[in-house]
Amino acid sequence: MRFSAKVSDISKQRAACVIIAVDSKGKLGASGKALDAACGGTIDEILKRGDLGLKLGSTMVIPLTEGPAQRALVVRSGPGALSQAEFRKLASATANAVKGFKDACSYLLELEVDDADIAWQAQQLAAAVGLASYKFTRYQTGADPYPLAKFTLHVPASKMLKTVKAGLAVGAAQASGSNLARELGNLPGNTCTPSYLAAQARAMAKKHPKLTTTVLDGKKMQSLGMGAFLSVAKGSDEPPALIAMHYKGASSSTKPVVLVGKGITFDTGGISLKPGLAMDEMKFDMCGAASVFGVMQAIVELEPALNLVCLVAAAENMPSGGASKPGDIVTSMSGKTIEILNTDAEGRLVLCDTLTYAAKYKPEIIIDVATLTGACVIALGNHATGLYANQDQLAQDLIAAGERTGDRAWRMPLWDEYQTALDSNFADMQNIGGREAGSVTAACFLARFTESYTWAHLDIAGSAWNSGAAKGATGRPVSMLLEYLLQR
Ligand code: BES
Ligand code: MN
Ligand code: ZN
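When you line the sequence shown up against the working numbering, it's residues 196 to 683, in that order.
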């Protein structure tokens, strides 16, 4: 997708589709009026027939026979200035209505939005268009991707051009990073293995001079003492991989942010086998990893002046004669011993060693992203990512980044009182708490390995993919994390 911004006169704009808004009373904006005048009042006349829905975000395509644009997409806005959520809703409805055309030019920056500047509006529009134009076609014979190849934003005045272009670039990168995360997430487990993810990281590094990749194999992990990580992989024929991607956009004295992604490329539960119903969705258990790939993709496109390390803890969780058994005790890289009471609580096992390893980067901040617990889905559903942090400022910043992008998180507690649920009679800790507060006790487990630095944990079990008819990866929380990194 090519995104661009310019000051343009709608009556002279050549495009498969021009996009204009009409308010709740049927009043067109400045460009809408100009287009209507240029085509002899057709638009107004058709709108008066009342076919366009009154709800915000309703859309209607009007074919044009006069002038250089082939059609007008009219989208219903509100009675006055829109809230951020309303503008986002309008942007996404517009994007869905326009994705079937070859190119489009939007006149929606003329809309007024409360507490948001024009760069934010441009960012939302680009992100919405980029996200709507994604389709998983890799294994579908004859399926075409959406045709939309070019999206232009009309800028009301030339003095706004620079800031609109900046917002546009961020929104485009946000979408391209999210779409990479969706593609990796949607890939089946027999394609997307730990080795596949490692190859993906190597390929990205080859393309971008500021990016380097190293991959630790099982042998190297063994020598580092990663007994928890390896206990997950040992039931599978697929070798594990700890992938490190390093983006250097600032001086080496600038401490990096480290993102850690859970990359269980398929989670059967292991010997604590999951029930069969919907088990296919456990191919999405690497969506944390996919999201850190997505963030890295967006960062190499934007090349901001920061240092970022992305670590991916990749393994497959299978039952076999070589698999870990309930009651097994393993020693983590930190030296702490763990009694594996349930082999299905494998995410925390690969993450704890990766979080210990992450300290070697002397990071400013570490954030892990994981489809960690079914309990998080019960607690928050799919609207919010579960957020845990050992520092208030970090929690606030992530929540704010989520609000600005609509990719929201909700903070959950990490109180000491929950820690006792992890006490074991046989080791330093066990890998599961009780039935209660399952997302919290999983986070508390990780907290035992992150005491030496500022850390947040994002449980994306609910937000990373949709089930049902629209089954597929969402690309969350790429938008939130990218926004967080750029605002720092
Ligand atoms: N990957 C799952 C979590 C999950 C389950 C995410 C369903 C989304 C939907 C994780 O590895 C897991 O199996 N967690 C267990 C933990 C339990 C054994 C303490 C769970 O949530 O049931
Ligand atoms: Mn599991
Ligand atoms: Zn899992």
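C-beta: ideal position from N, C-alpha, C; glycine also.
Check: Pick from K457, I313, G384, T615 that is closest to A352, judged by C-alpha positions; Outcome: I313
Check: C-alpha distance - M355 paired with C300, whole-angstrom precision; Outcome: 17 Å
Check: Test item: CB-CB of L680 and V365 under 8 Å; Outcome: no
Check: Near the ligand PLP: G542 beta-carbon under 7 Å from a heavy atom; Outcome: This structure does not include the ligand PLP; its bound ligands are the ligand BES, the ligand MN and the ligand ZN.
Check: C-beta atoms of N381 and A590 nearer than 8 Å; Outcome: no
Check: CA-to-CA distance, E598 to G693, given in whole angstroms; Outcome: No answer is possible for residue 693: the residues shown for the chain start at 196 and end at 683.
Check: Through-space distance from T568 to S467, alpha-carbon basis; Outcome: 15 Å
Check: Assumed close pair S390, P434 - CB separation to whole angstroms, cut-off 8 Å; Outcome: 7 Å
Check: Simplified DSSP assignment, three categories, for T358; Outcome: helix
Check: Backbone CA spacing between A233 and K345 [nearest angstrom]; Outcome: 24 Å
Check: Endpoints, the beta strand (DSSP E) within which L678 is located; Outcome: The sequence given here has Glu at residue 678, not Leu. Per DSSP, E678 belongs to no beta strand (DSSP E); it is in the alpha helix (DSSP H), 673-682.
Check: P689 versus L363, M481, G516, residue with shortest Cα-Cα distance; Outcome: Past the boundaries of the shown model lies residue 689; the chain is included only from 196 to 683, so the question cannot be answered.
Check: Exposed unless 16 or more other CB atoms sit within 10 angstroms - verdict on T336; Outcome: exposed
Check: Sequence-distant residues of the same chain with beta carbon closer than 6 Å to S519, five excluded per side; Outcome: S426, I535, T538
Check: Spatial distance of T636 from T332 (CA atoms); Outcome: 38 Å
Check: The region 404-413 / the region 435-443 touching (three or more Cβ pairs under 8 Å); Outcome: yes
Check: Backbone secondary structure at Q625 - three-state DSSP; Outcome: strand
Check: Proximity test, N626 beta-carbon vs the ligand MN heavy atom, cut-off 7 Å; Outcome: no
Check: CB of I438 within 8 Å of CB of A509, strictly; Outcome: yes
Check: Which listed residue (R271, A264, R244) has its alpha carbon closest to that of S253; Outcome: R271
Check: Y334, buried or exposed, once every other Cβ within 10 Å from all chains shown has been counted against 16; Outcome: exposed
Check: G236 in three-state terms, based on DSSP; Outcome: coil
Check: N-terminal and C-terminal residue of the beta strand (DSSP E) that L406 is part of; Outcome: 406-411
Check: A361: CB within 7 Å of a non-hydrogen atom of the ligand BES; Outcome: no
Check: H349, buried or exposed, once every other Cβ within 10 Å from all chains shown has been counted against 16; Outcome: buried
Check: Burial state of G422 (16 or more Cβ within 10 Å); Outcome: buried
Check: C-alpha distance - M624 paired with T532, whole-angstrom precision; Outcome: 7 Å
Check: DSSP-derived helix/strand/coil call for G483; Outcome: helix
Check: Through-space distance from Q417 to R683, alpha-carbon basis; Outcome: 36 Å
Check: Residues near M474 in its chain [Cβ-Cβ closer than 6 Å; skip 5 each side]; Outcome: none
Check: W315 (DSSP reduced to helix, strand or coil); Outcome: helix
Check: Identity of the residue in A656, G273, W660, S446 nearest K220 by Cα; Outcome: G273
Check: Given L454 as reference, the closest of G262, G420, N502 once Cα atoms are compared; Outcome: N502
Check: heavy atom of the ligand BES below 7 Å from A464 C-beta; Outcome: Just to set this straight, residue 464 is Gly in the shown sequence, not Ala. Yes, the Cβ of G464 comes within 7 Å of a heavy atom of the ligand BES.
Check: Presumed contact (8 Å Cβ cut-off) between A638 and M607, rounded CB distance; Outcome: 7 Å
Check: Cβ neighbour criterion (16 or more within 10 Å) applied to P672; Outcome: buried
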